[in-house]
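Notes follow once the structure below has been shown.
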């Protein structure tokens, strides 16, 4: 026989069990993150990865970005992010909250619809549904910068799980952001140079290891455009490159020591309550059209 009291007790017991599991998972992840940070501090002192933290980034990228620009200066505070997803987890959400302007691109129609339905139109954030390729990236970004009424980019981030390395190369032929962030395939450590074969159109990532390019592949390309690797984040996802003329602000370590292996489980480390677009909507409304 159904008992409301027993049902309530069972629900409370289940909720308490879930809370304990989440608590112990977060405590374990924090200990592991701190252990890795200690190891990195010993092997590469003053590595920008040591200053990482998470607000809306996948892991600790928000803090790394803030630290890099604290050393070289924020400039005009303009960004472009290719592969912005639904905005709940990316590398530039926190930048907008700090007064930056920029453009978001993503090929997923559902994610762009989610953004459009939750964010007000704003002159400070251009949002476009586009499949970005080596052949169209320059025209797409040029159009977005024109709408933002700017000409230079301080921060460029790309995560399209595909032909990222050739898209970056095509972009850098004409535009030189001060800082470039790329998602690398950490399965292939230095000195391996691995990249997927370019294919026309959005093929989509199958969730396997056929994705993007290795760190050394990116480093070779960006070095040719006068960029230097300054760090990789501790989860082994994103690598940060700074224009050589400003890279003297950072310690000089070989790529083999800056490389971080895949620790994708660190993504589960929380930064507080579940993310939303509500603070971002407030910020864009405050700076929107009259």
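Residue numbers (this note's numbering): 26 to 315.
All C-beta atoms, glycine included, are put in the ideal place defined by N, C-alpha and C.
Bear in mind that the values here come from a model prediction, so they are computed numbers and not experimental data.
Next item on the list: Have a look at the DSSP bridge pairing and note the partners of residue 252.
Entry: Taking the chain shown and counting its residues from 1, the one referred to as residue 252 is at position 227. Per DSSP, 268.
Check: Residues in its own chain within less than 7 Å of residue 242 by CB, not counting five upstream and five downstream?
Finding: Counting from one through the chain shown, the residue named residue 242 turns up at place 217. Taken in chain order, the residues that qualify are 190, 218, 219, 220.
Notebook entry, point to check: Quick one, which of 129, 246, 262 has its alpha-carbon nearest residue 212's?
Noted result: For the purposes of this step, residue 212 is identified with residue 187 of the chain shown, where counting begins at 1. The candidate whose alpha carbon is nearest that of residue 212 is 262.
Notebook entry, point to check: Among 44, 72, 284, which one has its Cα closest to the Cα of residue 273?
Noted result: Stepping through the chain shown from its first residue, residue 273 is reached at position 248. Selected option, being the one with the closest Cα: 72.
Check: Would the beta-carbon of residue 182 fall within 9 Å of that of residue 107?
Finding: Residue mapping note: residue 182 aligns to position 157 of the chain shown, counting from 1. Residue mapping note: residue 107 aligns to position 82 of the chain shown, counting from 1. Yes. Within cutoff.
Margin query: Tell me the DSSP secondary structure of residue 257 in three-state form.
Written below: Taking the first residue of the chain shown as 1, we reach residue 257 at position 232. It is a strand residue.
Note to self: Nearest by alpha-carbon distance to residue 307: which of 294, 297, 118, 240 is it?
What the structure shows: For the purposes of this step, residue 307 is taken as residue 282 along the chain shown, with counting starting at 1. Checked all of 294, 297, 118, 240; the closest Cα to residue 307 is 118.
Note to self: Using C-beta distances below 6 Å, list every residue in its chain close to residue 315, excluding the 5 sequence neighbours before and after it, in chain order.
What the structure shows: Working through the chain shown from its first residue, we reach residue 315 at position 290. Note on residue 315: pLDDT 42, under 50, position unreliable in the model; the coordinate value appears next. None.
Next item on the list: Please state whether DSSP places residue 127 in a helix, a strand or coil.
Entry: For the purposes of this step, residue 127 is identified with residue 102 of the chain shown, where counting begins at 1. Residue 127: strand per DSSP, three-state reduction.
Checklist line | Extent of the continuous alpha helix (DSSP H) to which residue 86 belongs | finding: On the chain shown, position 61 is the one that residue 86 refers to. Unbroken alpha helix (DSSP H) run through residue 86: 86 to 97.
Checklist line | Inter-residue Cα distance where the pair is residue 152 and residue 231 | finding: Position 127 of the chain shown holds residue 152. Position 206 of the chain shown holds residue 231. Rounded to the nearest angstrom, the two C-alpha atoms are 25 Å apart.
Check: Okay, do the region 60 to 77 and the region 165 to 184 touch, 3+ Cβ pairs below 8 Å being the bar?
Finding: no
Notebook entry, point to check: With distances taken from CA atoms, which of 154, 268, 264 is nearest residue 197?
Noted result: Within the chain shown, residue 197 is the residue found at index 172, counting from 1. Nearest C-alpha to residue 197: 268.
Item checked: Any 3 or more C-beta pairs closer than 8 Å across the region 273 to 285 and the region 199 to 207 -> no
Checklist line | Proximity to residue 112 [Cα-Cα], best of 102, 179, 154 | finding: On the chain shown, position 87 is the one that residue 112 refers to. With distances taken between Cα atoms, residue 112 lies closest to 154.
Notebook entry, point to check: Just reading off the beta strand (DSSP E) that residue 207 is part of, what are its end residues?
Noted result: Working through the chain shown from its first residue, we reach residue 207 at position 182. 204 to 208 is the span of the beta strand (DSSP E), which, as asked, contains residue 207.
Check: To the nearest whole angstrom, what separates the beta carbons of residue 207 and residue 264, a pair I think is in contact under 8 Å?
Finding: Within the chain shown, numbered from 1, the residue matching residue 207 stands at position 182. Within the chain shown, numbered from 1, the residue matching residue 264 stands at position 239. Yes, residue 207 and residue 264 are in contact; Cβ-Cβ is about 5 Å, under 8 Å.
Check: Taking just the CA atoms, how far does residue 180 sit from residue 251?
Finding: For this step, residue 251 is matched to residue 226 along the chain shown. For this step, residue 180 is matched to residue 155 along the chain shown. Straight-line Cα distance between these residues: approximately 15 Å.
Note to self: Spatial neighbours of residue 126 within its chain, please: C-beta separation below 6 Å, excluding the five flanking residues on both sides.
What the structure shows: Numbered from 1 along the chain shown, position 101 holds the residue referred to as residue 126. 103, 149, 173, listed in sequence order.
Next item on the list: Might you give, ordered along the chain, the residues of its own chain that have their beta carbon closer than 6 Å to the beta carbon of residue 223, omitting 5 neighbours on each side?
Entry: Here the question's residue 223 lines up with position 198 in the chain shown. Taken in chain order, the residues that qualify are 188, 191.
Next item on the list: Under the assumption that residue 309 contacts residue 147 (Cβ atoms under 8 Å), give the Cβ distance between them as a whole number of angstroms.
Entry: On the chain shown, position 284 is the one that residue 309 refers to. On the chain shown, position 122 is the one that residue 147 refers to. Right, the Cβ-Cβ distance comes to about 4 Å (below 8 Å), so this counts as a contact.
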